[in-house]
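Just so we're aligned: 198 in the UniProt record's numbering is position 198 of the sequence shown, and the numbers increase by one with no gaps anywhere.
No residue lacks a Cβ here, since even glycine has one placed at the ideal position from N, Cα and C.
What follows is a single structure, written as structure tokens, with notes after it.
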Amino acid sequence: MPFDTHNHTHFSFDADMNIQDALKEAEKYNLNLVLTEHYDLNEQQEDGRPVDFEIDRYFEAYSSFRGERLLLGIELGLDNRPDYITRNRTIAESHPFDMVIGSVHNLQDYDMYSDRTKNFLSKQDFFSQYLIYAENTIHQNPYIDTFAHIDYPCRYLTYSDNVLRYEDFPLLIDNFLFTLIENDICLEINLRLIDQPSFREGLESIVRRYRELGGKYVTIGGDNHSPDTIGIKYPLGLAMAKEYQLTPVYFKNRKRIVDQLQ
Ligand SMILES: [Zn+2]
Ligand SMILES: [Zn+2]
């Protein structure tokens, strides 16, 4: 069974998913799961608490579930501040994670989720800055296994058209994708927007280019925060991978493994 490689349980500040419910739902859809709890050094919750979790408690709580069907990872919020670069790498490497996914949730001081009304840049300027920043985070954090949701900003921006399309930023997207490929980092097909045709086409234009530039491996992640979204959009991600002859993979003990699709 293939893995959905992006899931949040109650160890994440914004999720309350219970592990047994998650596994039960995944089984219905013939999926295995990698948990990837949020750890963002550069973000705070609304009440000022950090966006992190007790990593030792996480491994303790799930040790009896860990195995064929469940792997334990982390979603690190990447940031190019030198001390965050060092701390993120230390977090990734000093615990026995199966998989480390890297994300850009913040663009310097701009938190794309909670500050959405504060974005006064044009769409062209915003995505140009975002893509340059994302490429730079890969250079600075080359130890990650996959880069999550390249289309994350599309969820929250307030332009009349939020779609990120390859043809609008070909050079910047090429640079970003080359950097992933050079560093042997996978591209995640994030399922959050994939059922909306315009967003699917945008993501597809980037996935297609990843393949053209020599990319081979993708991870497929639902970014599930509750059991009810598990599995539903997974076939759309799989179909996109297949369309561009990309191989879906997951990571176990930080080693890339090809998904068994049967
Ligand atoms: Zn994320
Ligand atoms: Zn996530």
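N-terminal and C-terminal residue of the beta strand (DSSP E) that residue i is part of
i, result
"E37", "32 to 44"
"P142", "Segment: none, P142 is in no beta strand (DSSP E) and carries neither H nor E."
"G102", "99 to 103"
"D13", "In the sequence as presented, Asp is not what sits at residue 13; that position holds Phe. Careful: F13 lies outside any beta strand (DSSP E) and carries neither H nor E."
"V258", "255 to 258"
"F3", "3 to 7"
Residue interval of the alpha helix (DSSP H) (run including residue i)
i, result
"G237", "234 to 243"
"F251", "F251 -> not in any alpha helix (DSSP H); beta strand (DSSP E) instead, spanning 247 to 252."
"D21", "19 to 28"
"G202", "197 to 212"
"D56", "55 to 62"
"I91", "82 to 93"
Chain-order list of residues whose beta-carbon lies under 7 Å from that of residue i (same chain, five-residue window excluded)
i, result
"R66", "L72"
"G214", "I181"
"D40", "V51, G77, H105"
"Y166", "I173, S205, I206, R209"
"F178", "L213"
"V258", "T247, V249"
"I55", "H95"
Bridge-paired residues (DSSP) for residue i
i, result
"C186", "T146"
"P50", "Q44"
"V218", "L187, P248"
"D111", "N106"
"L76", "Y39, G102"
"N224", "N7"
"L71", "V34"
Sequence-distant residues of the same chain with beta carbon closer than 6 Å to residue i, five excluded per side
i, result
"D21", "P227"
"residue 269", "Here the chain comprises residues numbered 1 to 262, so residue 269 is not present and cannot be evaluated."
"R69", "N32"
"L203", "D151"
Cutoff 8 Å; reference residue i; Cβ partners in own chain excluding five residues on either side
i, result
"N141", "L76, L78, I85, N88, R89, G102"
"A92", "I74, L76, V100, Y143, I144"
"A134", "V104, F147, I150, F176"
"Y130", "V104, L107, P153"
"A26", "D4, N32, L33, R69, I230, G231"
"Q196", "none"
is_contact[residue i, chain D] using C-beta, thresh 9 Å
i, result
"F97", "Of the protein chains in the structure, only one exists, and it is not chain D."
Output the residues surrounding ligand 2, defined as those with a CB atom closer than 7 Å to any ligand heavy atom, in chain order. Taking each Cβ in turn, the ones that pass are H6, H8, T36, H38, E75, S103, A148, D223.
The segment 242 to 254 touching the segment 225 to 233, judged by at least three CB pairs closer than 8 Å: no
With a cut-off of 8 Å, do at least 3 Cβ pairs link the segment 123 to 132 to the segment 91 to 102? Contact between the segment 123 to 132 and the segment 91 to 102 is absent, because fewer than three Cβ pairs lie under 8 Å.
Would you be able to state if there are at least three C-beta pairs under 8 Å between the segment 26 to 38 and the segment 240 to 249? no
On the three-pair Cβ rule with 8 Å, is the segment 47 to 56 touching the segment 107 to 116? no
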